[in-house]
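Line order of the protein sequences matches chains A and B. Per this note's numbering, the first sequence starts with residue 3, numbered consecutively. Per this note's numbering, the second sequence starts with residue 3, numbered consecutively. Single-structure report; data block below.
Protein chains: 2
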Amino acid sequence: MQRIEVTLVRTKVYELLKEMILNHELKLGEKLNVRELSEKLGISFTPVRDALLQLASEGLVKVVPRVGFFVVEVNDKYVNEIIETRLMIETFCLDKYFDEISASPELVMIKNEIEEVKRTHDRKLFDDSDERLHKLIVRSSGNETMVQMYEKLWDKIDLVRHLNERYVVSNEEHKEIVENILAGDKRRAIESLISHLRNVESETIRNLPLFERTKK
Amino acid sequence: MQRIEVTLVRTKVYELLKEMILNHELKLGEKLNVRELSEKLGISFTPVRDALLQLASEGLVKVVPRVGFFVVEVNDKYVNEIIETRLMIETFCLDKYFDEISASPELVMIKNEIEEVKRTHDRKLFDDSDERLHKLIVRSSGNETMVQMYEKLWDKIDLVRHLNERYVVSNEEHKEIVENILAGDKRRAIESLISHLRNVESETIRNLPLFERTKK
């Protein structure tokens with residue numbers, strides 16, 4: 003039993019810290035004090051350290067030897083890199099697996115979600131349809147190696163996707179992408195995907211200073 | 003000191019097991035007996051388990067709960083997936099960063115290595131220039147996110163790249179790619195890269211049965 007409890011605590015701490023980083027309760031670049039976090043959570047150092055090491059392996063936390071743990075810092079280059087990588091993978095898949103994507107029953111469900119977000123302005127629902135749409139494009143490749151790659155990338159996407167407040171506009175752009183796919187217009191679908199990601203990129207970079215440890 | 007020694011043993015065991023998997027001393031799909039490996043290496047279970055878990059996180063070892071560890075199994079789909087992912091990343095970078103690649107001083111060094119492999123048929127030297135050429139193409143993007151992605155993929159590439167015996171032919175194909183890049187002919191450079199990877203794919207799949215645990 004001991005062992006299971008340790009695993010559970012570690013997993014819980016990991017999930018809690020991850021959420022705090024992703025919703026920017028812990029600011030970008032902020033130092034993460036293991037002792038302080040342990041006391042706050044009422045647990046020992048070890049599971050906190052383990053969770054931070056796991057988050058480091060996923061690129062959300064930075065380890066500076068002999069100094070400590072920090073929430074990863076996001077700068078323009080970081081955003082550019084993620085968007086370039088997304089553009090490469092998503093347009094490759096949308097182009098090559100267009101028929102699989104347009105025939106997917108999930109696409110219709112996503113379209114309905116988009117309509118609901120339009121009515122309700124529900125950010126949580128938008129986040130869900132955002133993840134589903136972009137992952138559907140990659141998953142339709144059936145290429146497990148590529149899907150795993152994209153899933154890992156998603157952790158980084160997740161870190162920056164709340165750095166813009168354009169989700170109502172993004173929702174409209176998703177609508178356009180989905181409609182182009184459903185209309186069977188591959189060229190316009192790819193164009194609308196590229197322009198969507200470029201818009202996300204520029205607005206995220208514009209908003210970066212608001213989410214940094216110290217405003218510049 | 004204790005701690006450092008444990009880390010060193012684990013790293014050594016990890017490197018040793020990785021090499022044994024990559025050079026197919028441990029066959030694809032083979033069961034990895036922790037007790038047996040510990041006895042063979044004259045060390046305790048823990049560093050062996052830790053090394054195997056690390057190899058599992060890299061996709062070289064498969065963990066089957068309550069059964070044990072296995073060298074990953076490679077089938078046609080696995081090879082297809084890796085080549086498709088390589089094609090996506092490498093052609094994207096060769097196309098977008100062609101000028102950076104063709105201006106790289108490393109490319110000339112790789113060209114010399116290729117000439118030497120042609121004379122000496124040195125497989126180790128070929129492996130080196132193989133890795134350098136393909137990684138140069140991706141590194142020239144300057145995109146750390148993409149480079150890390152490709153580095154992780156390389157572990158899987160490494161597992162399958164000795165499943166073909168065409169390195170003398172591959173060396174010739176590398177020569178063609180490098181010459182096209184140096185001549186500034188982007189279109190032909192991309193074409194020769196694609197045809198090289200397609201050749202590797204088909205020959206690797208043809209050779210798969212030779213490296214499996216039980217011949218089919």
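Ideal Cβ positions, reconstructed from N, Cα and C, are used throughout, including at glycine.
In the segment 64-85 of chain B, which residues sit with their C-beta less than 9 Å from some C-beta in chain A, listed in chain order?
K79, Y80, N82, E83 and I84
What is the DSSP secondary structure of A:M3, reduced to helix, strand or coil?
Reliability fails at A:M3, whose pLDDT of 39 lies under 50, so the model's placement of it is uncertain and no value is given.
Measuring only between beta-carbons, confirm whether A:P211 sits less than 9 Å from chain B.
no
Who pairs with B:V66 in a beta bridge, going by DSSP?
B:G70
Listing by chain order, which chain B residues have their CB less than 9 Å from the CB of A:F128?
In chain order: nothing, as chain B lies at least about 24 Å away.
Counting only beta-carbon separations shorter than 9 Å, does B:S1 have a partner in chain A?
Given a span of 3 to 218 for chain B in the structure shown, any question on residue 1 of chain B remains unanswerable.
Is B:L28 near B:V65, with beta carbons less than 9 Å apart?
no
How would you list, in chain order, the residues of chain A whose beta-carbon sits under 7 Å from the beta-carbon of B:E153?
The premise fails here: B:E153 is roughly 12 Å from chain A at the closest Cβ pair, so nothing lies under 7 Å.
Less than 8 Å between the CB atoms is what I'm expecting for A:K158 and A:I116, so what's the real figure, rounded?
Not a contact, Cβ separation roughly 24 Å.
For the ligand ATP, is there any heavy atom lying closer than 8 Å to the beta carbon of B:E86?
This structure lacks the ligand ATP, and indeed carries no ligand of any kind.
Would A:N145 and B:T87 be called neighbours here (beta carbons separated by less than 9 Å)?
yes
Reference B:I196, options B:Q150, B:K137, B:L89 and B:H26, closest by Cα:
B:L89
Beta-carbon gap between B:T206 and B:V162 smaller than 9 Å
yes
Ordered along the chain, which non-local residues of its own chain (more than five positions away) have a Cβ less than 7 Å from that of B:N173?
I116, V119, K120 and F128
Going straight from the alpha carbon of A:V63 to that of A:L57, what length do you get?
5 Å
Using the Cα positions of A:D187 and A:L39, report the straight-line distance between them to the nearest angstrom.
51 Å
Quick one: Cα of B:R12 to Cα of B:S59, how far?
15 Å
Just to confirm, is the Cβ distance from B:F100 to B:A191 under 9 Å?
yes
Start and end of the alpha helix (DSSP H) containing A:S197?
K188 to N209
Any beta carbon from chain A within less than 9 Å of B:T48's own beta carbon?
no
Could you tell me which chain B residues have their CB closer than 7 Å to the CB of A:K137, listed as they occur along the chain?
Those do not exist, as A:K137 stays about 16 Å from chain B at its closest Cβ, beyond 7 Å.
CA-to-CA distance, A:M111 to B:L34, given in whole angstroms:
44 Å
Do A:V36 and A:F71 count as a contact pair if the criterion is CB distance below 9 Å?
yes
Chain B partners of A:M111, CB-CB under 7 Å?
Result: empty, since nearest Cβ-Cβ is about 27 Å, beyond 7 Å.
Give the range of the alpha helix (DSSP H) segment to which B:A58 is assigned.
F47 to S59
Using the C-alpha atoms, what's the distance from A:L165 back to A:V81?
10 Å
What residue range does the alpha helix (DSSP H) around B:L96 cover?
D78 to K98
Would you say A:T206 faces chain B, with C-beta separation under 9 Å as the test?
no
Nearest by alpha-carbon distance to A:L138: which of A:D78, A:P67, A:A105 and A:F213 is it?
A:A105
Are B:E92 and B:V140 close, meaning C-beta to C-beta below 9 Å?
yes
How many Å lie between B:N77 and B:L210 at the Cα?
7 Å
Where does B:L1 fall in DSSP's three states?
Any question about residue 1 of chain B goes unanswered here, given that chain B covers just 3 to 218.
Can you list, in chain order, the residues of its chain whose CB lies under 8 Å from that of A:L155, leaving out five sequence neighbours each side?
I84, T87, R88 and I91
From B:S143 to A:T122, what distance separates their C-alpha atoms?
41 Å
Any idea what DSSP makes of A:L30, helix, strand or coil?
strand
Looking at B:L43: is its Cβ nearer than 9 Å to the Cβ of B:L18?
yes
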